[in-house]
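J.:
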Amino acid sequence: MESIDIEVDALRDWLESGRPVTVLDIRPPIQREEWSIPGSVSVDAQATMRPSAPATIAGVPIPPGQQVVAVCAQGKSSLLAVRALREQGIQALSLRGGMQAWSLAWNLADVDLPGSRARIIQVRRTGKGCLSYIVESDGVAAVVDASVDPDVYLRIAAERGFQITHVVDTHIHADHLSRSRALAERCHAEVLLPEQDRATYPFRPLADGESFEIGAVRIQALHTPGHTMESACYLVDGRALLTGDTLFPGAVGRPDLAASAEQARKRAHMLYATLRKIAQLSPDIWILPCHTSQPIPFDGKACGARLGEVLRHVEMLTAGEESFVEALLGKIPETPPNHLEIVRLNEHGEFPEGDPTRLEAGANRCAIS
Ligand SMILES: [Fe+2]
Numbered sequence: 587m588e589s590i591d592i593e594v595d596a597l598r599d600w601l602e603s604g605r606p607v608t609v610l611d612i613r614p615p616i617q618r619e620e621w622s623i624p625g626s627v628s629v630d631a632q633a634t635m636r637p638s639a640p641a642t643i644a645g646v647p648i649p650p651g652q653q654v655v656a657v658c659a660q661g662k663s664s665l666l667a668v669r670a671l672r673e674q675g676i677q678a679l680s681l682r683g684g685m686q687a688w689s690l691a692w693n694l695a696d697v698d699l700p701g702s703r704a705r706i707i708q709v710r711r712t713g714k715g716c717l718s719y720i721v722e723s724d725g726v727a728a729v730v731d732a733s734v735d736p737d738v739y740l741r742i743a744a745e746r747g748f749q750i751t752h753v754v755d756t757h758i759h760a761d762h763l764s765r766s767r768a769l770a771e772r773c774h775a776e777v778l779l780p781e782q783d784r785a786t787y788p789f790r791p792l793a794d795g796e797s798f799e800i801g802a803v804r805i806q807a808l809h810t811p812g813h814t815m816e817s818a819c820y821l822v823d824g825r826a827l828l829t830g831d832t833l834f835p836g837a838v839g840r841p842d843l844a845a846s847a848e849q850a851r852k853r854a855h856m857l858y859a860t861l862r863k864i865a866q867l868s869p870d871i872w873i874l875p876c877h878t879s880q881p882i883p884f885d886g887k888a889c890g891a892r893l894g895e896v897l898r899h900v901e902m903l904t905a906g907e908e909s910f911v912e913a914l915l916g917k918i919p920e921t922p923p924n925h926l927e928i929v930r931l932n933e934h935g936e937f938p939e940g941d942p943t944r945l946e947a948g949a950n951r952c953a954i955s
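Counting in the numbering used here, the sequence shown runs from 587 upward without gaps.
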């Protein structure tokens, strides 16, 4: 029997290659607010089951011969929708596993670094908003904040002809499971983490100011406590700063995860000092964080901004220390579900059996703007 569903990887490849496809999101609007597939259109599920005419679904025009993909939360009601659409002669497929499975989809963007011998590729987990980086120079590479399956990084390395020799995290993550240890094992690379006593598996600690080399370029660790105590940023060839959850193009990191109220206040003060230190760097450097709160389009444009722009746009950065701390603590967003379990697994370098998206469900909520 002909398959009526499509795997996440296949839809990902279609969107990346620009193949025309209409993605119909049949979830209730409240779920869609949390996250969605870029370019998808929201339609009422019931209306989808009763297309008024073959060329229109719930008011959405479908060009003749257009491929439709229906998406729901877990890939069940979208199957019913697809059956109804097919009865009307519409070429429809259901996204297998729904948005939960889509949480693992990824796309790429190259970061423009003129004059550098480093190449930075941003690997984006589009649904979840996790950003990881491959820093490559002279055929060797470091992966920073690995957040998609190790196979993805190995596939990119094979396609572009380099070898992954270092795997690095900016901090112990609380909102997604780090794939760094698993990736390092797959490619026999060294794991580097900021100096700290939280991670219980073997790693090479990086102290404040310490560097390592990737091909012809130097990557320097800067200890930047605040979001977490151990958080570090990595300065690549003096041109780009991989900031983890410390600084975003339009926001700063939250200081409260896995912390008491007193610890969160202390971390907020530390974040202030950290951000003052970062503000002293050249305004031309790229600020490249490890998360974004919006689903990432298949547009090949890197998520990031020059430091000068960030300093102009993030209002909190212009405040004095006390007002910064009060503003930050007054705007703490909802805590990500399962974050304590995720922290525990990341401290142990463990990856749970089965489907990781159960623990990682939901949009990212790391930033405060
Ligand atoms: Fe984080």
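Heads up, the beta-carbon is just placed ideally off N, CA and C, and yes, glycines get one too.
Spell out a yes or no on whether the segment 866-876 and the segment 812-828 are touching, meaning 3 or more CB-CB pairs, one atom from each, closer than 8 Å.
T.: The segment 866-876, when compared against the segment 812-828, does touch it at the 8 Å Cβ threshold.
J.: Do the segment 928-941 and the segment 783-794 touch if we need at least three Cβ pairs shorter than 8 Å?
T.: The answer is yes - the segment 783-794 touches the segment 928-941, with three or more Cβ pairs under 8 Å.
J.: Mind pulling the alpha helix (DSSP H) runs of 4 or more residues that sit fully within the segment 872-914?
T.: Runs found: 893-899.
J.: What do you reckon, are the CB atoms on Ala704 and Ser718 nearer than 8 Å?
T.: Translated into positions along the sequence shown, residue 704 becomes position 118. Translated into positions along the sequence shown, residue 718 becomes position 132. No, the Cβ-Cβ distance between Ala704 and Ser718 is not below 8 Å.
J.: What residue range does the beta strand (DSSP E) around Tyr719 cover?
T.: By 1-based counting over the sequence shown, the position of residue 719 is 133. Per DSSP, Tyr719 belongs to the beta strand (DSSP E) from Cys716 to Ser723.
J.: Evaluate Gln708 with the Cβ neighbour count: other Cβ atoms within 10 Å of its Cβ, from every protein chain shown; 16 or more gives buried, anything less gives exposed.
T.: Here residue 708 corresponds to residue number 122 of the sequence shown, with the count starting at 1. Per the 10 Å Cβ criterion, buried.
J.: By the 10 Å Cβ neighbour count, where 16 or more other Cβ atoms means buried, how is Arg710 classified, buried or exposed?
T.: Locating residue 710 in the sequence shown gives position 124, counting from the first residue. So Arg710 ends up on the buried side.
J.: Whole angstroms are fine: how far does the CA of Ser733 sit from the CA of Pro942?
T.: As a position in the sequence shown, residue 942 is number 356, starting the count at 1. As a position in the sequence shown, residue 733 is number 147, starting the count at 1. Looking at the two C-alpha atoms, the distance is approximately 11 Å.
J.: Please name the residue or residues paired with Ile706 in a DSSP beta bridge.
T.: Translated into positions along the sequence shown, residue 706 becomes position 120. In DSSP, Ile706 forms a bridge with Val697 and Val721.
J.: Are Ala691 and Thr712 close, meaning C-beta to C-beta below 8 Å?
T.: What you label residue 691 is simply residue 105 of the sequence shown in a count that begins at 1. What you label residue 712 is simply residue 126 of the sequence shown in a count that begins at 1. For Ala691 and Thr712, yes; Cβs fall inside 8 Å.
J.: Just to confirm my understanding: we take His899, look at its own chain, exclude 5 residues before and 5 after, and list those with CB closer than 8 Å. What are they?
T.: Here residue 899 refers to the residue found at position 313 when the sequence shown is read from its first residue. Taken in chain order, the residues that qualify are Pro835, Gly836 and Ala891.
J.: Quick check on this structure: which residue in Ile750, Arg765 and Ala818 has the alpha carbon closest to the alpha carbon of Leu779?
T.: Here residue 779 refers to the residue found at position 193 when the sequence shown is read from its first residue. Out of Ile750, Arg765 and Ala818, Ala818 has the C-alpha closest to the C-alpha of Leu779.
J.: Quick check on Ser589: does DSSP put it in helix, strand or coil?
T.: As a working note, residue 589 is residue 3 in the sequence shown. If DSSP states are grouped into helix, strand and coil, Ser589 belongs with coil.
J.: Would the segment 896-915 and the segment 739-752 be scored as touching if the rule is three or more Cβ pairs under 8 Å?
T.: Judged by Cβ distances under 8 Å, the segment 896-915 makes no contact with the segment 739-752, as fewer than three pairs qualify.
J.: Can you tell which of Gln866, Ile720, His752 and Leu763 has the C-alpha that lies nearest to the C-alpha of Glu939?
T.: Numbered from its first residue, the sequence shown carries residue 939 at position 353. Of the listed residues, the one whose Cα sits closest to Glu939 is Leu763.
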